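At position 289 of the sequence shown (counting the first as 1) the number is 289 in the UniProt record's numbering, and the numbers step up by one without a gap.
A virtual CB, placed ideally from N, CA and C, is assigned to each residue, including glycine.
Bear in mind the structure is a predicted one, so any value in this text is a computation, not a measurement.
To start, the structure under review is shown below, and the notes come after it.
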Amino acid sequence: MTHDVYAVGNALVDIQAQVNDDLLERLAFDKGIMTLVDDERQAGVLANFDLPSLHRCAGGSAANTVAAVADFGGQAAFVGKIGADETGEFFLKDLRALGVTIDVAPLPGSPTGTCAILITDDAERTMLTNLGASSQLSADDIDEAAIAAAQYIYIEGYLFTGETTKAAAYRAMELAKKNNVKVAFTASDPFLVNMIRDEIWDLIRGPVDLFFCNEEEAMSLTGLTDPVACANKIHESAENVAMTLGAKGSLLMHGGEAIPIEGVNIKAIDTTGAGDVYAGGVLYGITNGLSWKQSGHLASHAAARIVGQLGARLATPFTNDEVRELTNV
């Protein structure tokens, strides 16, 4: 089976729960921020809930992106690491229900990675992330045949925070180049850019064909403050660049040309996953015959729809008619 996009990333299940301030106080977490927690701590948090009754979805940056590709009607595959537990089974079923190809061997003795999103009455979101089994993804998990059957592979930058997950990312890029498959890479987070700036430049100058970033990440990477100057600087080394600018839209760089993409006016409720879905829109477009401008236009509207709802998965996917209308530019 051929794929438009084969993604490599952390396999996490997003779990949303309405809680009161008393529970947060008892759990002793700082309200409104994201905290990395170990297996035992997360198990203690989740023990307060009946998991199957909560709102859950397969998540993680790359998983969100291929879910968006599939929502648009594209062919997508994903590799990540899950635990041998009910949460891992849910992750597989959730992505497969969208049509995403995923075939991974569960890891006994390690829980599936989770992001517990605890929402209080004042709409504050306290996020507790446990990487769990996802941190054990390794080069051995990368399938050359699946990569060879793809137009693009998509690598999330978060993989570069662990040695085995970084090795998996490099193995995927190596096999992509061997099989003449394009490589897309997302910076993931300004903190990550600050941590491995030189390595990201090496990737941009080397195997990466399409670099995704937001404005803050681009400024951190280049040391420049003007978004257009940042994009031009990166484009000197990267064949293609997709830089999001929040409500102002985005900027694509392709073939030496700057392609500005307008923002979409919408009341933002939750920005979680906006960049992931934007990447999904661009990747779907360029692997399904759309121009870069058309792909950016579609991606911009997809990101706007995400920020206008709760959660990182499109609650209302675009219809075929909407896609045709949005790409008639």
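Can you tell which of the options has the C-alpha that lies nearest to the C-alpha of residue i?
i, options, result
"residue 330", "Val277, Asp30 and Ala218", "Residue 330 is absent from the model: the chain starts at 1 and stops at 329."
"Val69", "Asp21, Gly263 and Gly99", "Gly99"
"Asp276", "Glu322, Asn214 and Ser291", "Asn214"
"Lys177", "Asp189, Ile147 and Pro190", "Ile147"
"Val5", "Lys182, Asp22 and Glu89", "Lys182"
"Ile33", "Ile119, Ala167 and Leu283", "Ile119"
"Ser237", "Gly113, Tyr278 and Gly255", "Gly255"
"Leu245", "Glu239, Asp226 and Asp30", "Asp226"
"Val241", "Lys233, Lys248, Ala247 and Met253", "Met253"
"Asp189", "Trp201, Ala167 and Glu216", "Glu216"
"Gly206", "Ser134, His235 and Asn320", "His235"
"Phe91", "Asn320, Ala133, Asp122 and Asp71", "Ala133"
"Val8", "Ala63, Ser135, His55 and Thr112", "Ala63"
"Asp38", "Thr287, Thr114 and Gly223", "Thr114"
"Lys31", "Ser135, Thr126 and Asn288", "Thr126"
"Tyr154", "Gly223, Gln42, Phe191 and Thr287", "Thr287"
"Glu40", "Asp14, Ile200, Thr112 and Leu224", "Thr112"
"Glu124", "Ala167, Phe29 and Gly285", "Phe29"
For a quick check, are the C-beta atoms of residue i and residue j less than 8 Å apart?
i, j, result
"Ala116", "Leu131", "no"
"Ala184", "Val193", "no"
"residue 336", "Met243", "The question about residue 336 has no answer here: the residues shown for the chain are numbered 1 through 329."
"Val45", "Leu24", "no"
"Gly80", "Val104", "yes"
"Ala279", "Phe212", "yes"
"Phe78", "Leu95", "yes"
"Gly308", "Lys267", "yes"
"Gly311", "Cys57", "yes"
"Asn10", "Glu156", "yes"
"Glu239", "Asp209", "yes"
What first and last residue would you give for the alpha helix (DSSP H) that runs through residue i?
i, result
"Asp39", "Asp39 to Leu46"
"Pro260", "No alpha helix (DSSP H) contains Pro260, which is instead part of the beta strand (DSSP E) from Glu257 to Ile261."
"residue 332", "With the chain covering only 1 through 329, there is no way to say anything about residue 332."
"Asn214", "Taken as a continuous stretch (DSSP letters only), Asn214 belongs to no alpha helix (DSSP H), being part of the beta strand (DSSP E) at Leu210 to Asn214."
"Ala17", "Looking at the DSSP string, Ala17 is not in any alpha helix (DSSP H); the run it does join, the beta strand (DSSP E), is Leu12 to Gln18."
"Asn232", "Pro227 to His235"
"Ala304", "Trp292 to Val307"
"Lys93", "Glu86 to Ala97"
So, under 8 Å CB-CB, residue i and residue j are touching, yes? Tell me the CB distance rounded to an integer number of Å.
i, j, result
"His3", "Thr65", "No, His3 and Thr65 are not in contact; Cβ-Cβ is about 13 Å, not under 8 Å."
"Gly273", "Ile306", "5 Å"
"Ser61", "Tyr158", "6 Å"
"Gly88", "Leu12", "At roughly 11 Å, the Cβ-Cβ gap does not stay under 8 Å, so Gly88 and Leu12 are not in contact."
"Arg313", "Ala67", "6 Å"
"Leu283", "Thr327", "No, Leu283 and Thr327 are not in contact; Cβ-Cβ is about 14 Å, not under 8 Å."
Which two residues bound the contiguous beta strand (DSSP E) that contains residue i?
i, result
"Glu156", "Ala150 to Glu156"
"Val79", "Ala76 to Val79"
"Met195", "Here Met195 belongs to no beta strand (DSSP E); instead the alpha helix (DSSP H) covers Pro190 to Met195."
Any heavy atom of the ligand SAM within a distance shorter than 7 Å of the CB on residue i?
i, result
"Glu217", "Among the components of this structure there are no ligands whatsoever, and the ligand SAM is therefore not found."
Decide yes or no for the touch test of the stretch 79-93 against the stretch 104-121: beta carbon pairs closer than 8 Å, at least 3 of them. Remark: three or more beta-carbon pairs, one from each stretch, lie closer than 8 Å, so the stretch 79-93 and the stretch 104-121 are flagged as touching.
Touch test, the stretch 247-262 against the stretch 296-305, Cβ-Cβ under 8 Å, three pairs minimum: Touching, yes.
Spell out a yes or no on whether the stretch 154-165 and the stretch 14-25 are touching, meaning 3 or more CB-CB pairs, one atom from each, closer than 8 Å. no
Does the stretch 171-178 come into contact with the stretch 134-149, if we say contact requires no fewer than three beta-carbon pairs (one atom in each stretch) closer than 8 Å? yes
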